[in-house]
Amino acid sequence: MSVERREQRSGGMQGGSMGRGGWGAMGMPVQKPKDFKGTALRLLGYFRPQKYRLIIVLVTAIIGTTFNIVGPKILGLATTKLFDGLIAKFTALQHHLPAPGVDFGYIGMVLLILLGLYIISAIFLYIQQYVMAGVAQRMMYRLRREVDEKLSRLPLKYFDSRTHGETMSRAVNDMDNLSTTLQQSITQLITSAVTLLGVIVIMLLISPLLSLIVLLTLPLSVLVTTVIAKRSQNYFRTQQRALGDLNGHVEEMYTGHKIVKAFGREGQSVAEFNERNEKLYNAGWRAQFVSGIIMPLMRFIGNIGYVFVAVVGGIMVTQGTIAIGDVQAFIQYAQQFTQPITQLANFANVIQSAMASAERIFELLDEQEEVPEAEDAKVIEHPDGSVEFDHVKFGYTPDNILMEDMNIDVQPGQMIAIVGPTGAGKTTLVNLLMRFYEVNSGVILVDGVNITEIKRGALRHMFGMVLQDTWLFNGTIRANIAYGREDATEEEIIRAAKAANADHFIRTLPDGYNTVLNEDATNISQGQKQLLTIARAFLADPEILILDEATSSVDTRTEMQIQKAMTELMK
């Protein structure tokens, strides 16, 4: 399998690409939307019903963060009082005077106030997180419901033209990415913005000179981050390609493990895996090493700033222009200063990825749906089962007509066979009859009624289908057979299984009809899967039964028995 194909497979469940990809602060790839503004405005519409809850989130975040910000300044008062008391005591001892004591009562009162502020801050921030979690989950609940309802209204053409991985990525991965961003990053944006603004204001109030020293380190930090991030981009690109190659190889070997064993190619498969794993290791190591340099350098630059603040602040204390507690508080604020900047930079990348996910979800919601049913669409109460194709013309694309002037007339109780080479359009007839696709011209009649005048649900309920590609869900054999008729009794289920010649093999299983089929029903054979789908169709007892190479995986003797059972069924 080619590298491109493997990357396509591995990328299918990772969300794909939207527009031109960007790169984050650490050189990591960031997904960007095509229309950020339009997507953001549409997403805000989902928040409108919860605007009062969002106001609560905003207010509690501001209050909680503000109480947290003033903590170092208040702690500085205790530090100043302790320092002044110690200096006074030391001076008195030098001059052989009575030494005054440190005012620990004042210090204790300050610490209690500080503890109270931190408790209040924690309560408000907890309320903020609790309310925001409810807002995000309510919005995602609505969005998931809309996506699920949309998928049920999409025509078969949509699913035929896209991979399962792409659809699953939009409905699951993009939804989870958006949910995480809404629940965590929005509150982080508020708290980071308030923290940054509050820290800058308090630092300027304490000392404009010390604030200038801290602000001068910011451009240097940005420069270092930008230079290293650009260097690491190539390594991350290589890592992504190597990861896609490795994932594709693993998927290929897993799905074809029987063939690999049959031809004795296990050794070569392991060797190919090791080679790709080595490439991923080298690319990942380089990418992580280069991007990992950023934080140590940021800390180094920050520590240089702290040294200058401590030295200049110490000089200012000796000159009496600033209190020691204010210097201690300023150093704490200087440490807090870079954290919200980093968080806001990360938020810019996260919100880009979230908007890309939202855009992909909205693209799914905007897909063209099935042709709407007529307002006076009817239900045939007791259908006879006659089917007629009258001068039907159809093509999957306008320039590729598959059938021209197709005429078929099937009477109730009649059994007919549609024969033709692969690609001749046999399955297409079934798709048109079930209204999975709309005809270009002509009409299809059931009991003399145009199928466009029949409700889709009622139309499809008249048919029972057994396809060559069997579909069974993860559940018991009993539940799979009863899928078409949930109110079926145990006797009816067993009777349908016997008619499909499936009862015997079911009873040989350890749990019989209670045997749970695993994912893709790999714990039974392909032929046994077909027998279960035939039993399911028998139990549904449809007016019209369609078999699309339904017995291709069973032996000749079983096929004859099934045909005999179908003959009995149609009487």
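Numbering-wise, the sequence shown is residues 205 to 775 according to this note's numbering.
Think of the CB as a built atom: it goes at the ideal place given N, C-alpha and C, for glycine as much as any other residue.
For M619, the three-state DSSP class (helix, strand or coil): Here residue 619 is taken as the residue at index 415 of the sequence shown, counted from 1. Three-state result, M619: coil.
First through last residue of the beta strand (DSSP E) which encompasses S325: Here residue 325 refers to the residue found at position 121 of the sequence shown. Looking at the DSSP string, S325 is not in any beta strand (DSSP E); the run it does join, the alpha helix (DSSP H), is F308 to R357.
Alpha-carbon to alpha-carbon, N381 and F240: Residue 240 sits at position 36 when you count from the first residue of the sequence shown. Residue 381 sits at position 177 when you count from the first residue of the sequence shown. Between F240 and N381, the C-alpha separation is close to 16 Å.
Distance between L749 and R711 (C-alpha atoms, nearest Å): The sequence position of residue 711 within the sequence shown is 507, counting from 1. The sequence position of residue 749 within the sequence shown is 545, counting from 1. So the alpha carbons of these two residues sit roughly 27 Å apart.
Endpoints, the alpha helix (DSSP H) within which N604 is located: For this step, residue 604 is matched to residue 400 along the sequence shown. Element bounds for N604: not the alpha helix (DSSP H) but the beta strand (DSSP E), N604 to V614.
Cβ neighbours of I505 in the same chain (closer than 8 Å, five flanking residues each side left out): On the sequence shown, position 301 is the one that residue 505 refers to. Once the five neighbours on either side are set aside, the close Cβ partners of I505 are T421, L424, S425 and V428.
Beta-carbon contacts of F551 that lie in its chain and below 6 Å, excluding the five residues immediately before and after: Working through the sequence shown from its first residue, we reach residue 551 at position 347. Answer for F551: S389 and L393, listed in chain order.
Backbone CA spacing between I648 and A744 [nearest angstrom]: Position 444 of the sequence shown, counted from the first residue, corresponds to residue 648. Position 540 of the sequence shown, counted from the first residue, corresponds to residue 744. In a straight line, the C-alpha of I648 is about 23 Å away from that of A744.
Contact under 8 Å by Cβ, G268 with A533: Residue numbering aside, residue 268 sits at position 64 when the sequence shown is read from its first letter. Residue numbering aside, residue 533 sits at position 329 when the sequence shown is read from its first letter. Inclusion of G268 and A533 in the CB contact set at 8 Å is not warranted, their separation being larger than that value.
Cutoff 6 Å; reference F640; Cβ partners in own chain excluding five residues on either side: Stepping through the sequence shown from its first residue, residue 640 is reached at position 436. Around F640: L360.
Helix, strand or coil at H586 according to DSSP, with G and I counted as helix: Counting from 1 along the sequence shown, the entry for residue 586 is found at position 382. Reduced to three states, the DSSP call for H586 is coil.
Cα-Cα separation, I622 to K582: Counting from 1 along the sequence shown, the entry for residue 622 is found at position 418. Counting from 1 along the sequence shown, the entry for residue 582 is found at position 378. Separation of I622 and K582 (C-alpha to C-alpha, rounded to the nearest whole angstrom) is 29 Å.
DSSP beta-bridge partners of S415: Here residue 415 corresponds to residue number 211 of the sequence shown, with the count starting at 1. Answer is none; S415 lacks a bridge partner.
Segment contact, 8 Å Cβ cut-off, at least three pairs: the region 695-709 with the region 649-667: These segments do not touch.
Straight-line gap, N684 to P616 (C-alpha atoms, nearest Å): Reading the sequence shown from its first residue, position 480 is the one you call residue 684. Reading the sequence shown from its first residue, position 412 is the one you call residue 616. Each residue's Cα considered, the two are about 28 Å apart.
Endpoints, the alpha helix (DSSP H) within which L247 is located: Taking the first residue of the sequence shown as 1, we reach residue 247 at position 43. L247 -> alpha helix (DSSP H) spans F240 to F251.
Rounded straight-line distance, which links the Cα of M499 to that of M379: Residue mapping note: residue 379 aligns to position 175 of the sequence shown, counting from 1. Residue mapping note: residue 499 aligns to position 295 of the sequence shown, counting from 1. Whole-angstrom Cα-Cα distance: 31 Å.
Cβ-Cβ distance between K483 and A538 below 8 Å: As a position in the sequence shown, residue 483 is number 279, starting the count at 1. As a position in the sequence shown, residue 538 is number 334, starting the count at 1. Judged by their CB atoms, K483 and A538 are not nearer to each other than the 8 Å cut-off.
Backbone secondary structure at N727 - three-state DSSP: Counting from 1 along the sequence shown, the entry for residue 727 is found at position 523. It is coil, neither helix nor strand.
Inside the region 494-527 only - beta strand (DSSP E) runs reaching at least 3 residues: Segments of the beta strand (DSSP E) lying fully in the region 494-527: there are none.
Under 8 Å between C-beta atoms of H453 and E476: Numbered from 1 along the sequence shown, position 249 holds the residue referred to as residue 453. Numbered from 1 along the sequence shown, position 272 holds the residue referred to as residue 476. Between H453 and E476, the gap from beta carbon to beta carbon is short of 8 Å.
Where Y537 falls: helix, strand or coil (DSSP): As a first step, residue 537 is located in the sequence shown; it is residue number 333 there, counting from the start. For Y537, the three-state secondary structure derived from DSSP is helix.
Beta-carbon proximity check, P587 vs E350, cutoff 8 Å: Walking along the sequence shown from the start, residue 587 turns up at place 383. Walking along the sequence shown from the start, residue 350 turns up at place 146. The answer is no: Cβ separation not under 8 Å.
Straight-line Cα distance separating M559 from T284: The count along the sequence shown starts at 1 and reaches residue 284 at position 80. The count along the sequence shown starts at 1 and reaches residue 559 at position 355. Taking the CA atoms as reference points, T284 sits about 49 Å from M559.
Closest Cα partner of N644 within the set N604, K597 and N635: Sequence index remark: in the sequence shown, residue 644 carries index 440 (1-based). The residue from N604, K597 and N635 with its alpha-carbon nearest to that of N644 is K597.
C-alpha distance - W227 paired with A562, whole-angstrom precision: Within the sequence shown, the letter at position 23 stands for residue 227. Within the sequence shown, the letter at position 358 stands for residue 562. For W227, the predicted structure reports a pLDDT of 45, less than 50, and the residue's modelled location is therefore unreliable. The matter cannot be settled from this model.
Beta-carbon spacing of N611, F593 below 8 Å: Locating residue 611 in the sequence shown gives position 407, where the first residue counts as 1. Locating residue 593 in the sequence shown gives position 389, where the first residue counts as 1. Yes, the Cβ-Cβ distance between N611 and F593 is below 8 Å.
8 Å Cβ cutoff met for R257 and V335: Position 53 of the sequence shown, counted from the first residue, corresponds to residue 257. Position 131 of the sequence shown, counted from the first residue, corresponds to residue 335. In this structure, V335 lies closer than 8 Å to R257 by Cβ.
CA-to-CA distance, T542 to G231, given in whole angstroms: Within the sequence shown, residue 231 is the residue found at index 27, counting from 1. Within the sequence shown, residue 542 is the residue found at index 338, counting from 1. With a pLDDT of 49 at G231, under the threshold of 50, the modelled position of that residue is not reliable, and the figure given next carries that caveat. Distance from the CA atom of G231 to the CA atom of T542, rounded to whole angstroms, is 19 Å.
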